[in-house]
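The opening position of the sequence shown corresponds to residue 19 in my numbering, with each subsequent residue numbered one higher.
All C-beta atoms, glycine included, are put in the ideal place defined by N, C-alpha and C.
Heads up, the thing below is written out as structure tokens.
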Amino acid sequence: MPAKHDMPQAVGSQHLSVRAGANKGVNRLLTGALAVWLLGCGSALADEFQELGQIIDAVSEFAVEAGADRSARAGGTYRVEVGALDSRLRLTACDTKLTAYAPPGARTLGNTTVGVRCNGPQPWSLYVPVTIKMYGEAVVAARPLAMASVLSLQDVRLAQVELGASAAGVLIDPQQVVGKVLRRPLMGDAVVTLDSLEEPRLVRRDEQVMLVAEGSGIEVRMQGRALTDGVAGELIRVRNLGSKRVIEGTVVAPGLIRVRM
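Right under this line is the structure:
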């Protein structure tokens, strides 16, 4: 019968084992072989799966390029924060350049997502969470302001702020707020937007007003009563206190309505 040797056996699962008491030289040889095999497996696995860093780079590049024109128009700066990917994510390594894109309906600012797609022989796609912030100079409240305040230059100032979703409605010239009325209260340093302002009401409902009619070089003035509020240039209904007729006129100044003859 052949002599038995304390040699390790390769098994179907392709792992190596070393029996206690075996020759030390053989132990060292097999230990080295095991290390080389494990390193080879690790390298193969690394080549097999997509590097997560490349996915993040594709998302960052796309988001920054997409926001470059917008931030330039706003005169501000653009910052992209890519969310962390699960380290357990296993996607087949893509042998073509990754394609990043904006999913339908994705927001351009704030918390949003960017899609990444592999168009290789084994295609895949995923959505990556992204936070996009834009900063720029805008008009802000110089102090807490009450609703219905009529604004002046002393009520506002310019400051660097995160523009956020209100970027389209921010004001960059303090003169734009002068004489406007606040629709709602604002805290100090709050961004003043177009939708937070309205034109002042020059005429109030039930207020007695002056009706002015002009024609053929003649001006006629009559007393009337406003039936609605009105801002400059607005067409409102008024009652002629002399004839009791309801007519329409244009608000031109506080308490003054221009009507047709």
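**Prompt:** Taking the beta strand (DSSP E) that residue 95 falls in, what are its first and last residues?
**Reply:** In the sequence shown, residue 95 corresponds to position 77, counting from 1. Start and end: 95–100.
**Request:** Could you check the C-alpha separation between residue 129 and residue 121 for me, to the nearest Å?
**Result:** Against the sequence shown, residue 129 aligns to sequence position 111. Against the sequence shown, residue 121 aligns to sequence position 103. In this model, residue 129 and residue 121 are separated by some 13 Å (Cα to Cα).
**Request:** Taking all protein chains shown into account, decide if residue 96 is buried (16 or more other Cβ within 10 angstroms of its Cβ) or exposed.
**Result:** In the sequence shown, the residue the question calls residue 96 occupies position 78. By the neighbour-count criterion, in which 16 or more other beta carbons inside 10 Å mark a residue as buried, residue 96 falls on the buried side.
**Prompt:** Hey, would you say the C-beta of residue 225 is under 7 Å away from at least one heavy atom of the ligand MG?
**Reply:** Because no ligand of any kind appears in the structure shown, any question about the ligand MG cannot be addressed here.
**Message:** The beta strand (DSSP E) that contains residue 267, what's its start and end?
**Reply:** The residue given as residue 267 occupies position 249 in the sequence shown. Looking at the DSSP string, the run of the beta strand (DSSP E) that includes residue 267 is 264–271.
**Asked** Which one or two residues does DSSP pair with residue 137 in a beta bridge?
**Response** For the purposes of this step, residue 137 is taken as the residue at position 119 of the sequence shown. The partner list for residue 137 (beta bridge, DSSP) is empty, contrary to what the question assumes.
**Item:** Rounded distance between the beta-carbons of residue 73 and residue 134, thought under 8 Å
**Value:** As a working note, residue 134 is residue 116 in the sequence shown. As a working note, residue 73 is residue 55 in the sequence shown. Taking the Cβ atoms as the reference, residue 134 lies roughly 5 Å from residue 73, within the contact range of under 8 Å.
**Request:** Since I believe residue 188 is in contact with residue 209 (beta carbons under 8 Å), could you give me their beta-carbon distance rounded to a whole number of angstroms?
**Result:** Counting from 1 along the sequence shown, the entry for residue 209 is found at position 191. Counting from 1 along the sequence shown, the entry for residue 188 is found at position 170. In this structure residue 209 touches residue 188 by the C-beta definition: roughly 6 Å separates them, less than 8 Å.
**Buried or exposed by the 16-neighbour rule on C-beta atoms within 10 Å, applied to residue 222** = Locating residue 222 in the sequence shown gives position 204, counting from the first residue. By the Cβ-count criterion, residue 222 is exposed, with fewer than 16 other Cβ atoms from all chains shown falling within 10 Å of its own Cβ.
**Item:** Backbone secondary structure at residue 73 - three-state DSSP
**Value:** Along the sequence shown, one-based indexing puts residue 73 at 55. Residue 73 falls in the helix class under three-state DSSP.
**Request:** Grab the span of the beta strand (DSSP E) containing residue 147 for me, first residue to last.
**Result:** Locating residue 147 in the sequence shown gives position 129, counting from the first residue. 142–159 is the extent of the beta strand (DSSP E) around residue 147.
**Request:** For residue 150, count neighbouring Cβ atoms within 10 angstroms of its own Cβ and tell me buried if that reaches 16, exposed if not.
**Result:** What you label residue 150 is simply residue 132 of the sequence shown in a count that begins at 1. Result: buried.
**Prompt:** Are the beta-carbon atoms belonging to residue 227 and residue 274 less than 8 Å from one another?
**Reply:** To locate residue 227, count along the sequence shown from 1; it is residue 209. To locate residue 274, count along the sequence shown from 1; it is residue 256. Cβ distance < 8 Å, so residue 227 and residue 274 count as in contact.
**Request:** Name, in chain order, the residues that DSSP records as bridge partners for residue 216.
**Result:** For the purposes of this step, residue 216 is taken as the residue at position 198 of the sequence shown. DSSP lists 199 as partners of residue 216.
**Prompt:** Are there 16 or more other CB atoms within 10 angstroms of the CB of residue 171, so buried, or fewer, so exposed?
**Reply:** For the purposes of this step, residue 171 is taken as residue 153 along the sequence shown, with counting starting at 1. Taking all protein chains in view, the Cβ of residue 171 is surrounded by fewer than 16 other Cβ atoms within 10 Å, so the residue is classified as exposed.
**Message:** Taking its Cβ as the centre, do 16 or more other Cβ atoms sit within 10 Å of residue 68, making it buried, or is it exposed?
**Reply:** By one-based count along the sequence shown, residue 68 stands at place 50. Of the residues assessed, residue 68 falls on the buried side of the cut-off, its CB having 16 or more other CB atoms within 10 angstroms.
**Whole-angstrom C-beta distance between residue 231 and residue 277, which should lie under 8 Å** = Within the sequence shown, the letter at position 259 stands for residue 277. Within the sequence shown, the letter at position 213 stands for residue 231. 5 Å between Cβ atoms; contact.
**Item:** Start-to-end residues for the beta strand (DSSP E) that takes in residue 126
**Value:** Counted from its first residue, the sequence shown places residue 126 at position 108. Taken as a continuous stretch (DSSP letters only), residue 126 belongs to no beta strand (DSSP E), as it is neither H nor E.
**Message:** So, at 8 Å on beta carbons, what are the nonlocal neighbours of residue 225 in its own chain, with the 5 sequence-adjacent residues on each side left out?
**Reply:** For the purposes of this step, residue 225 is taken as the residue at position 207 of the sequence shown. Same-chain partners within the cutoff: 243, 244, 273.
**Prompt:** So the beta strand (DSSP E) residue 276 belongs to, where does it begin and stop?
**Reply:** Sequence index remark: in the sequence shown, residue 276 carries index 258 (1-based). It spans 274–277 - the beta strand (DSSP E) in which residue 276 sits, taken as one unbroken run.
**Asked** Of all the options 234, 240, 166, 80, which has the alpha carbon lying nearest to the alpha carbon of residue 260?
**Response** Numbered from its first residue, the sequence shown carries residue 260 at position 242. Of the candidates 234, 240, 166, 80, the one whose C-alpha sits nearest the C-alpha of residue 260 is 240.
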